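K.L.:
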Amino acid sequence: MTGNTTARTQAVELGEHLREVAAWNVRLHLAKEELEQQALCEAAGVTKATISARMNLDAAWDLNAIVAAAVTLGMPPAELLDDTLYEGYRN
Numbered sequence: 043m044t045g046n047t048t049a050r051t052q053a054v055e056l057g058e059h060l061r062e063v064a065a066w067n068v069r070l071h072l073a074k075e076e077l078e079q080q081a082l083c084e085a086a087g088v089t090k091a092t093i094s095a096r097m098n099l100d101a102a103w104d105l106n107a108i109v110a111a112a113v114t115l116g117m118p119p120a121e122l123l124d125d126t127l128y129e130g131y132r133n
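In case it helps, the working numbering puts the sequence shown at residues 43 to 133.
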């Protein structure tokens, strides 16, 4: 069981980290492209409250939301999960 617990803990920690990274990258690229969160709402077909919850880490980013954000921002979805800039900013 210890191996499963460790794997589960690592998965949860990585998931939380990627949520932070996605929100940070979306915020960065929205500013860079001079777009409002409303553009993400329209692309993902969700309310502003939903986007706001994701940006504030109160709700998880699902793959559809990441893809919609990436398309809106004109980038591959993987870039929104790349923590290179995020880690550089934090350090």
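Think of the CB as a built atom: it goes at the ideal place given N, C-alpha and C, for glycine as much as any other residue.
All of these numbers come straight from a predicted model, not from anything done at the bench.
Buried or exposed: which applies to threonine 89, given that a residue is buried once 16 or more other Cβ atoms fall within 10 Å of its Cβ?
P.N.:
The residue you call residue 89 lines up with position 47 of the sequence shown. With fewer than 16 Cβ atoms within 10 Å of its Cβ, threonine 89 is classed as exposed.
K.L.:
Taking glycine 130 as part of the alpha helix (DSSP H), name the residues at either end of that continuous run.
P.N.:
Your numbering for residue 130 matches position 88 in the sequence shown. Unbroken alpha helix (DSSP H) run through glycine 130: 126 to 132.
K.L.:
Who are the near neighbours of tryptophan 103 in its chain, counting only those whose CB is closer than 7 Å to its CB and skipping five residues on each side?
P.N.:
If you number the sequence shown from 1, residue 103 lands on position 61. Only Arg61, Ala64 and Arg96 meet the Cβ criterion.
K.L.:
In the structure shown, what three-state DSSP assignment does alanine 64 receive?
P.N.:
Counting from one through the sequence shown, the residue named residue 64 turns up at place 22. Three-state DSSP puts alanine 64 in a helix.
K.L.:
Are the region 73 to 87 and the region 120 to 132 touching by the rule of at least three beta carbon pairs closer than 8 Å?
P.N.:
In this structure the region 73 to 87 does not lie against the region 120 to 132, because fewer than three pairs of beta carbons, one per stretch, are closer than 8 Å.
K.L.:
Look at the alpha carbon of asparagine 67 and the alpha carbon of alanine 53, and state the distance between them as a whole number of angstroms.
P.N.:
In the sequence shown, counting from the first residue as 1, residue 67 sits at position 25. In the sequence shown, counting from the first residue as 1, residue 53 sits at position 11. Taking the straight line joining both Cα atoms gives about 21 Å.
K.L.:
By how many angstroms is the C-alpha of glutamate 55 removed from the C-alpha of leucine 77?
P.N.:
Within the sequence shown, residue 77 is the residue found at index 35, counting from 1. Within the sequence shown, residue 55 is the residue found at index 13, counting from 1. Rounded to whole angstroms, leucine 77 to glutamate 55 spans 30 Å at the Cα level.
K.L.:
Out of His71, Thr114, Pro118 and Gly130, point me to the one whose CA is closest to glycine 87's CA.
P.N.:
As a working mapping, residue 87 is identified with position 45 in the sequence shown. The shortest C-alpha separation from glycine 87 is found at Thr114.
K.L.:
Between which two residues does the alpha helix (DSSP H) containing leucine 4 stretch?
P.N.:
As displayed, the chain neither begins before 43 nor continues past 133, which places residue 4 out of reach and without an answer.
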